[in-house]
Amino acid sequence: MSVPEREPLRLMAVHAHPDDESSKGAATTARYAAEGVEVLVVTCTGGERGDILNSSFVVPDGHEFETIEGRRAVRELEMARAAEALGVRHRWLGFVDSGLPEGDPLPPLPEGSFGLVPLEEAAAPLVQAVREFRPHVITTYDPSGGYPHPDHIKCHEVSFEAFHAAGDPERYPGTGAPWQPLKLYYNHGFSMRRIRAVHEAMEGAGLESPFGDWVASRDAREIPERELTTLVPVADYFAQRDAALAAHASQIDPHGFFFAVPRDLEADVWPWDEYELAESRVPLPERAPGTYEEDLFEGVRSEVPA
Ligand SMILES: [Zn+2]
C-alpha cells in the first residue's frame with residue numbers, strides 16, 4: 005500500500021519579457037521553489053525588440069543580435085540560465101515583443117506584435133498553460149502594467165482573463181480541463197515605499213543612491229501608490245535573484261542600479277518582495293491596518309488536499 009503524498013503547491017509567475025521574472029518577484033520564486041513548491045515562470049513574448057542595455061555585453065559565439073530571430077535565440081539562452089539560477093521551470097507563450105514605442109505622437113505597434121493580438125487569441129495559450137500546470141497562485145502585473153509598456157499591460161490583461169476563464173468549462177474549448185486558481189497577485193517590486201526606504205538608507209550610510217532622480221520625479225508627478233497587501237521575506241534568496249538578473253547579460257548592466265545597493269543594506273531595510281492581492285477564492289483572515297500577509301499561499305495551504 006502506498007502512502008498518498010500531499011499534492012504539491014504550485015505557483016505560476018506570468019511575465020511580459022525574458023528578464024522581467026528576474027527583476028520582479030524573482031527571489032519569491034526562488035524561495036518557493038527551494039521550499040518544494042512547483043514554480044513555473046511563463047513569458048508572453050521572446051523579448052525580440054530589446055536593445056542591448058549592457059555596454060560590456062558580448063554576443064555569444066555563433067549568435068547575432070541584429071535580427072528578430074537572432075535576438076530571440078540569444079534571449080532564449082539567457083532565459084534558460086536565469087530559470088536555472090532561480091530553480092524554476094519555464095514556458096514561453098510564443099508572442100512577439102511589441103517594443104517600447106517612443107515619440108510624440110507614439111508610432112503604431114509593429115504588425116504581429118503581442119500588444120496587437122486580440123484578447124481571446126492572446127489569452128488562449130495562457131489558459132492552456134493554467135489548465136496544464138494547475139497553479140494555486142498566479143502572479144502578474146497590475147492593470148497599468150506597472151510600467152507603461154504595451155506588453156506589460158497586455159500581460160496583465162491575459163493573466164486576468166486566464167484567472168477568470170480557466171475554471172469555466174464553457175470558455176476556451178480545446179485547451180484542457182478547467183482549473184480555477186485560488187489567488188491572483190500583482191507584483192509591486194518597484195513600489196515607491198521600497199525605493200524611498202532604500203534611497204534614504206543609502207544616503208544615511210553616506211553612499212550614492214541610484215534612486216535620487218527616481219524619487220524626485222515620482223514625487224513631482226504625485227503618482228498614487230497602489231496598495232501593498234503582502235510582503236514575502238526573501239533576503240535569503242537575493243543571491244539567486246542576482247544570478248538570474250546577471251544571466252540576462254544583454255539587458256542588465258552589472259554596473260547599473262540593480263546591483264548598486266549593498267545587499268546587507270537591502271536585507272536590513274527591505275528584505276521583502278511586495279505584492280498586491282487582487283483576487284482570492286479562499287477565505288482570508290481580517291488583517292489589522294499596517295500588517296501584511298507573508299505568504300502567497302496563505303489560506304491556500306489548508307484547501308489543498310493532503
Ligand atoms: Zn518587460
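Basically this note's numbering = 1-based index in the sequence shown + 4.
Just so it is clear, CB atoms sit at the ideal spot from N, CA and C, and this is done for glycine as well.
Predicted model only: the values in this text are computed from it and were never measured.
By the C-beta density criterion, E106 is exposed, having fewer than 16 other C-beta atoms within 10 angstroms.
Every residue whose Cβ sits closer than 5 Å to any heavy atom of ligand 1 is listed here in chain order: A20, H21 and D24.
According to the DSSP assignment, V273 belongs to the alpha helix (DSSP H) that extends over R267 to V273.
Within its own chain, the residues whose Cβ lies closer than 7 Å to the Cβ of H252, once the five positions on either side in sequence are excluded, are P22, D23, S26, E82 and A86, listed in chain order. Looking at the backbone, the Cα of E204 and that of P266 are separated by about 13 Å. The count of Cβ pairs closer than 8 Å, one atom from the segment 119-138 and one from the segment 65-81, stays below three, leaving the stretches out of contact.
Of all C-beta pairs linking the segment 93-108 to the segment 253-262, fewer than three are shorter than 8 Å, placing the two stretches out of contact.
Three or more Cβ pairs closer than 8 Å define a contact, and the segment 232-240 meets that threshold against the segment 30-41. Here Y190 carries a strand assignment [DSSP, helix/strand/coil].
In this structure the segment 160-173 does not touch the segment 259-275; the number of beta carbon pairs closer than 8 Å is below three.
Taken through DSSP and simplified to helix, strand or coil, T179 comes out as coil. DSSP places E290 in the coil class of the three-state scheme, outside both helix and strand.
By the CB criterion at 8 Å, V219 and Y189 fall outside the cutoff.
With respect to the 8 Å criterion, C48 and F118 are classified as neighbours on the basis of their beta carbons.
Residue environment analysis places T71 among the exposed positions, since fewer than 16 neighbouring C-beta atoms fall within 10 angstroms of its C-beta. Listed as beta-bridge partners of P237 by DSSP are W276.
For the segment 36-86, the continuous beta strand (DSSP E) assignments of 3+ residues that do not extend past its boundaries occur at 42-49, in sequence order. For H19, same chain residues with a beta-carbon under 6 Å away, outside a window of 5 residues either side, are E25 and T47 in chain order. I142 carries a strand assignment under DSSP once its states are collapsed to helix, strand and coil. Counting only the Cα atoms, R200 lies some 31 Å from D101.
F99 is bridged by DSSP to T49.
Taken through DSSP and simplified to helix, strand or coil, H94 comes out as strand. Comparing alpha carbon positions, the residue from S148, M206 and G216 closest to P228 is S148. The beta-carbon separation of M16 and P139, rounded to 4 Å, stays under the 8 Å limit for a contact. Annotation for E212: no residue places its beta carbon closer than 6 Å to its own, counting only its chain and skipping 5 residues before and after. In the structure shown, the three-state DSSP call for V18 is strand. Taken through DSSP and simplified to helix, strand or coil, S26 comes out as helix. Considering only D223, A89 and L269, the residue with the shortest C-alpha distance to G208 is L269. In the three-state scheme derived from DSSP, where H, G and I count as helix and E and B as strand, E283 is classed as strand.
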